[in-house]
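For the sequence shown, the residue numbers in our numbering are 3 to 64.
Here the structure comes first, spelled out in structure tokens, and everything after it is commentary.
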Amino acid sequence: MYVCICAAVTDKQIKKAVASEEICSLRDLCEQYGVARQCGNCCHHAKDVIQQALNQSSSDGS
Ligand code: FES
């Protein structure tokens with residue numbers, strides 16, 4: 003599902019980026035994927051997805 007329509011970024015892409023330690027914050031996501039750079043409607047959702055992914059990766063023990 004798209005999290006940021008303006009940048010066409012999906013929750014899967016975000017989760018993958020967090021899992022590969024490419025990003026760990028909304029700022030990283032903004033810089034690398036352009037998320038939340040335009041209308042800003044995705045801000046909260048994007049943060050939630052990052053947080054979920056971070057929780058998941060830390061509970062995996064990796
Ligand atoms: S939906 Fe992400 S900036 Fe518009």
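Each residue gets a CB set at the ideal place from its N, CA and C atoms; glycine is no exception.
Return yes when at least one heavy atom of the ligand FES lies under 7 Å from the C-beta of residue i, else no.
i	result
Arg-39	yes
Ile-52	no
Ala-10	no
Ile-7	yes
Thr-43	Here the sequence assigns Asn to residue 43, which means Thr is not the residue at that position. Asn-43: yes, Cβ under 7 Å from the ligand FES.
On a Cα-Cα basis, can you pick out the residue from the options that is closest to residue i?
i	options	result
Gln-53	Asn-43, Leu-31, Cys-41	Leu-31
Asp-62	Leu-28, Ala-21, Ser-27, Val-11	Ala-21
Tyr-35	Val-5, Val-11, Tyr-4	Val-11
Are there 16 or more other CB atoms within 10 angstroms of the CB of residue i, so buried, or fewer, so exposed?
i	result
Ile-7	exposed
Cys-41	exposed
Gln-15	buried
What are the partner residues of residue i, as DSSP defines its beta bridges?
i	result
Cys-6	Val-11
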